[in-house]
Structures are given as structure tokens and as C-alpha cells.
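Residue numbers (this note's numbering): 51 to 558.
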């Protein structure tokens, strides 16, 4: 093919192109079928575009992928070596057959756009402490992918449901309702890390892409970028323009801070007092390593806010004020950081500034519509702005993105059903909450909401029984305590809600 290339340029056959197109992210121009010396049939030929600005371009075919990231220009010899290595690496993997998922067993209808679940990467190192690294790498991949609005990405919470479980790829696809599944592993020795990843089409039972990275541990962020790029390429996701948000904005280049942050995020999913305190300590340790780590400051603000809201401190009002100060400091410099906006919106909610909270929640969904949490946050705030039906819609979307969703989703969704007068649906949601969260704060809230529902349905004795259970499970359930969580722009609804609880016997 040398005769077809311009001076200093490189042309490759379609066979080579098919091997490397998802491994070597350069630009490619299809030159059509070309006659080649000593070969009877014309070959499909591609010209390599090696300029950094051409990375991801495909000229002459329908698909165009342009994923903006830093790339280095390759010299001709280095490029040929890289191409040969990529083809060889593909052939080196001994890939087992994949059992295809059964469409009839899908728990959910497949999304119209490409869908993916990223399974927790397996730690193959001798030290189990490196589980934190494998989990952190998984989290970052999910976070970056979720910003691609033309992909459907399962939330990390549901992905981690499968951690350390011997589960078939087909089962994951069926239970989460996705076509693609990414799985992988890490192995750390000294300051070196080996990462293996493979993307699988679970519907067709096919390996789409497989790669192995042998890197210095400090290059782990580059590995994350490369994996996410290849997934987007395989999904033929066309990225047009720039998102108002950046998944890397607010992060850190300090590995110690990054690992402490990842460890902190593992605590507090159920928002218990012990987990809240532990997470707060870890966020503060991360900030000692990198005081400019915005996402760690956001995490600290959240834990202080939760402590004030749920009475995990002797001075809840001071805690809420401290959380507000953190949010106000952050939002001035980071107006497009989803975490900052969410924290500020929560502060607005506790201050009864509902329209301001709604504006930030809607902005977050524009930035990251693929996130279960941004949709759930918007649903919560829509309820307080007297839009219960829209609130339910966004909770349903959040639950689809995160089938093993956290308990607070149902807790607030139940109130949306009550506000909308959809009491029978509220009862079904409460039954699910009781099943999911036995003996917790959310279990107590479920009984409290069921008391209100029974009262509205004209069953006062059942209502009183449920109220007694709510107080037994969570003794802090009082009118003043619940007021922190139930408020909205329509004080008529609020007054009616609390009058119902007072008549049933909830103490002040």
C-alpha cells in the first residue's frame, strides 16, 4: 500500500483497520476499494490521519466519532509498531464463549440508545486493600460514561450489587436491562498496575473489545480515559460539541487524596449516624492531602448537612449553617459542578428557598441527564415545588438507571404519591420500602407515611398502629423532627400532613 500513501503518510488495509480502529485512536479516511500490486481483488484502503485534532475522525464513512482528549502525534515507525502490537494483543487473549442474554427474561425494556453496565473490576493482587483501587477505577469509568447523554449507563450502586458475586454476563444484562457489559480486573505489584478490560455485547454473546494495560500506578487516570474512549467508540456514540459539565472537573491528581475520597464514598449510602461520621473523617483526610480537591469539599459539606438534618449532632442548626457556608464558597468558582449544585440545592431546600433549589436541580439534569442521582434530586425538589406527578416521573427514571436504588428514593417518592392523592400506589411503594429497609430510619419513615395513607383512606385504627411502629423503630420521629424533611411551597398540604400526624398522636 506504500504507493497509495502520500510522502510521510501511511495507508492500511481494511483488515488491519478492523483490528485497530478501537485500539489506536487516530483519524481514518476511507479511500475506497483500491487495486493493489500482486493482489487480484481490490482492497478497502484507509489513510491514517495522525494530527492530534484528527483523533477519532472517520472520513468517507457515515460514522464520525470525535471524543476530545489529549493525544500525541506518532512518528511513522512508532505507529507501525503500535499497530502491530494492537493486532498481536487482540490475538493473544484467549476469550471464552459468552452466553447470550435472553430478551424474554429482561427485567426492563432495552433503552433505545446504547446501554451499558460496568461491573466492579476484580482485584487480582495479593493485597485485599487494593480492592479500593479496583472500586475507584470502576467508579471513575461509570462517572465519565454517564456524562455521555447518548449512552444509557447503569448507576454505580446497581453495578456494585454484583461485587464479589459469581454472576454470568447474561444474568447481569437481563437483571439490569442493558445490551453491553464491561468487566475487568487489576493487579498491582510495587508501583506497577496491570488493568485488563473487555466490553461484551450480552445480547449477541460477543466480545466487542478487549485490552490490557501495563502501566505505572500514577498513570491510572490515563487508563480510565482510554477505556471510556473505547467504549464510546464501540457504541458508535457521536459526541457533538461540549457538555456544560466536565466529569473530571473538581477531581484531583493526588493519588492518596483520590483513594481516601473513594473510600469515603463507600460509607453513608444508608445515611446511618456511624457511616456519616466515618465518611466525614475520610473526606477531611482527603482534603489534608489536597486542599483544592473540590469533590472532597462537596462530600464534607454533604456529611455535615446530613448530620444537621438527621440530628447526628448536638447542634444541628450549626451544622446546617456550616454546610451552607461550604456550598456558597464552592458555587462561586464551580457553577457547573454537579456535586456543588446538588449541595447548594439541598441548602436551599432546608432554607425553604424552593424555586432556587429547583433551578439548580434542573441545571444538573441538563448537565448529566444520565445520572440516577441528578434525576432523584430533581424529583425530590419537584415534590417541594408542588409538582408530584413530575416528581414521580423523575424517580421512575432514576430507578431505571439504578434498579438497586438507595432507600431514600422510595421515601420521598411515597410522599409524592400522597401529595398526588395516589394512595394505592403509595401503599405499594411503602410495602417495597419495608421490604428493602428493615429496622432503619427509612423503615420508620415508611410506617409514618403508611399511617398518613391509612388515615386518608378512612382506616384510623390501622393508621395508629403504623404510627406506633414508626416511633418504636425511630424514636426521634416527632413533629419537629419530621418538619425538617417534609416541606413545600403549598403550606396547606404541609399543614394537612402534620395535622393528620398530630391527630394520630405523633408527639411535638
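We treat Cβ as the ideally placed atom computed from N, Cα and C, and that holds for glycine. Remember, predicted model here, so these are calculated numbers, not experimental data.
The beta strand (DSSP E) enclosing residue i, as first and last residue numbers
i: residue 174; result: Segment: none, residue 174 is in no beta strand (DSSP E) and carries neither H nor E.
Cβ-heavy atom distance, residue i to the ligand SAH, below 6 angstroms
i: residue 382; result: Judged by which ligands are present, the structure shown has none, so any question about the ligand SAH falls away.
Alpha-carbon spacing of residue i relative to residue j, whole angstroms
i: residue 543; j: residue 521; result: 22 angstroms
i: residue 187; j: residue 398; result: 33 angstroms
i: residue 374; j: residue 355; result: 8 angstroms
i: residue 360; j: residue 233; result: 38 angstroms
i: residue 2; j: residue 75; result: Since the first and last residues shown for the chain are 51 and 558, residue 2 lies out of range.
i: residue 387; j: residue 407; result: 15 angstroms
i: residue 265; j: residue 59; result: 29 angstroms
i: residue 201; j: residue 536; result: 35 angstroms
i: residue 289; j: residue 279; result: In this prediction, residue 289 has a pLDDT of 39, which is less than 50 and means its spatial position is unreliable; what the coordinates show is noted afterwards. Rounded to the nearest angstrom, the two C-alpha atoms are 11 angstroms apart.
i: residue 369; j: residue 405; result: 23 angstroms
i: residue 461; j: residue 516; result: 15 angstroms
i: residue 559; j: residue 79; result: Since the displayed the chain opens at 51 and closes at 558, residue 559 lies outside it and no answer follows.
i: residue 413; j: residue 426; result: 13 angstroms
i: residue 155; j: residue 185; result: 29 angstroms
i: residue 221; j: residue 158; result: 13 angstroms
i: residue 480; j: residue 395; result: 26 angstroms
i: residue 347; j: residue 189; result: 18 angstroms
i: residue 148; j: residue 229; result: 13 angstroms
i: residue 334; j: residue 215; result: 32 angstroms
i: residue 270; j: residue 243; result: 8 angstroms
i: residue 389; j: residue 378; result: 13 angstroms
i: residue 464; j: residue 533; result: 16 angstroms
i: residue 247; j: residue 309; result: 21 angstroms
i: residue 478; j: residue 178; result: 41 angstroms
i: residue 210; j: residue 514; result: 39 angstroms
i: residue 64; j: residue 453; result: 41 angstroms
i: residue 418; j: residue 303; result: 23 angstroms
i: residue 423; j: residue 92; result: 53 angstroms
i: residue 559; j: residue 163; result: What is shown of the chain runs 51 to 558, which leaves residue 559 out entirely.
i: residue 128; j: residue 267; result: At residue 128, the pLDDT of 39 sits below 50, so the modelled position is not reliable and the matter cannot be decided from this model.
i: residue 518; j: residue 299; result: 47 angstroms
i: residue 441; j: residue 470; result: 10 angstroms
i: residue 97; j: residue 191; result: 31 angstroms
i: residue 438; j: residue 466; result: 5 angstroms
i: residue 340; j: residue 245; result: 26 angstroms
i: residue 499; j: residue 415; result: 28 angstroms
i: residue 325; j: residue 393; result: 19 angstroms
i: residue 168; j: residue 483; result: 26 angstroms
i: residue 400; j: residue 456; result: 21 angstroms
i: residue 109; j: residue 77; result: 8 angstroms
i: residue 549; j: residue 540; result: 15 angstroms
Extent of the continuous alpha helix (DSSP H) run through residue i
i: residue 80; result: Here residue 80 belongs to no alpha helix (DSSP H); instead the beta strand (DSSP E) covers 77-84.
i: residue 331; result: 323-339
i: residue 547; result: 541-554
i: residue 430; result: 422-434
i: residue 17; result: Not covered by the structure: residue 17. The range shown for the chain is 51 to 558.
i: residue 467; result: 457-469
i: residue 534; result: No alpha helix (DSSP H) holds residue 534; DSSP gives it neither H nor E.
i: residue 240; result: Counting along the chain, residue 240 falls outside any alpha helix (DSSP H), and DSSP gives it neither H nor E.
i: residue 362; result: Neither: residue 362 is in no alpha helix (DSSP H) and is coded neither H nor E.
i: residue 47; result: One cannot answer for residue 47 here, as it falls past the ends of the chain, which runs 51 to 558.
i: residue 313; result: 305-315
i: residue 404; result: 404-417
i: residue 389; result: 388-400
DSSP bridge partner residues for residue i (one or two, in chain order)
i: residue 61; result: 97
i: residue 257; result: 250
i: residue 244; result: 237, 264
i: residue 109; result: 79
i: residue 232; result: 168, 249
Below-7 angstroms beta-carbon distance, residue i vs any chain B residue
i: residue 322; result: Going by chain labels, chain B is absent from the structure shown, which holds only one protein chain.
(request) For the segment 252-259 and the segment 188-198, state whether three or more C-beta atom pairs, one from each stretch, are separated by less than 8 angstroms. (result) They do not touch, by the three-pair rule.
(message) Within 8 angstroms, do at least three Cβ pairs link the segment 230-245 to the segment 163-173?
(response) Yes, they touch.
(request) Report yes or no: do three or more beta-carbon pairs, one from the segment 483-501 and one from the segment 523-530, lie closer than 8 angstroms? (result) As far as the Cβ criterion goes, the segment 483-501 touches the segment 523-530, which means the pair count is three or higher.
(request) Would you be able to state if there are at least three C-beta pairs under 8 angstroms between the segment 503-521 and the segment 461-479? (result) Three or more Cβ pairs drawn from the segment 461-479 and the segment 503-521 lie within less than 8 angstroms of each other, which places the two stretches in contact.
(request) Could you pull out every unbroken beta strand (DSSP E) segment of at least 3 residues lying fully inside the segment 147-230, listed in chain order? (result) Counting only runs of 3 or more, we get 165-168.
(message) Between the segment 509-521 and the segment 426-436, can you find at least three pairs of beta-carbon atoms closer than 8 angstroms?
(response) Three or more beta-carbon pairs separated by less than 8 angstroms are not found between the segment 426-436 and the segment 509-521, which leaves the two stretches without contact.
(message) Quick check on the DSSP output: what are the complete alpha helix (DSSP H) runs of length 4 or more inside the segment 461-525, in order along the chain?
(response) Listed in chain order, the complete alpha helix (DSSP H) runs (minimum 4 residues) inside the segment 461-525 are 473-486, 491-506, 510-523.
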